[in-house]
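Here the sequence shown stands for residues -19 to -1, 1 to 102, where the numbers follow mature numbering (1 follows the signal peptide of the UniProt record, and there is no 0). Beta carbons: idealized from backbone N, C-alpha and C, even for Gly. Right, one structure below, let's go through it.
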Amino acid sequence: MRTVILSAALAAFSSGALAQPIDSYRARLSKQDHYNSSGDALISAATIIRQDRANFYVFGKLDPEDEYDTFFNDKANRARLEKMLSRGSISDNDIESILNGTPLIRVDIHAEYVVVTIEEH
């Protein structure tokens, strides 16, 4: 009986809680990432992160700590970023840091969501 319960618990835990990202990257969200290509200030963490990827892949505006990823190099995937972040996780403190600073972030990309954490303020 114990073996069955333990096996069921391990299966449930490993199916979702330990989901591995399909890709991850680090990026410095510099001042240039806080504005869209028209020069308008961006007002959400998701749009700033998305602009960072557009700057990296489309406009060639890289920060020294920006890393390549295999997911957001596609324009259609960048368009999904806001929805993916709403399904994923980012702390309120990290949102504030992105909106009011130039932090180094880590983005773990999963099939339907992203997890964003601050690595350095």
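Looking at the structure shown, is residue i part of a helix, part of a strand, or coil, going by DSSP?
i          : result
residue 28 : helix
residue 76 : helix
residue 67 : helix
residue 92 : coil
residue 14 : helix
residue 87 : strand
residue -5 : Low local confidence applies: a pLDDT of 48 at residue -5 is under 50, so the model's placement there is unreliable, and no value is given.
residue 47 : coil
residue 34 : helix
residue 61 : coil
Go through its chain and collect everything with a Cβ distance to residue i's Cβ below 8 Å, but skip five positions before and after it.
i          : result
residue 92 : 3
residue 43 : 36, 37
Between residue i and residue j, what straight-line distance do the alpha-carbon atoms span, to the nearest angstrom?
i           : j          : result
residue 1   : residue 70 : 15 Å
residue 85  : residue 46 : 8 Å
residue 101 : residue 80 : 14 Å
residue 98  : residue 5  : 11 Å
residue 26  : residue 48 : 18 Å
residue 73  : residue 63 : 16 Å
State yes or no: is the C-beta of residue i nearer than 8 Å to some heavy atom of the ligand COA?
i          : result
residue 50 : Here there are no bound small molecules, and the ligand COA is not part of this structure.
Please name the residue in the options whose C-alpha comes closest to that of residue i.
i          : options       : result
residue 30 : 68, 9, 57, 56 : 9
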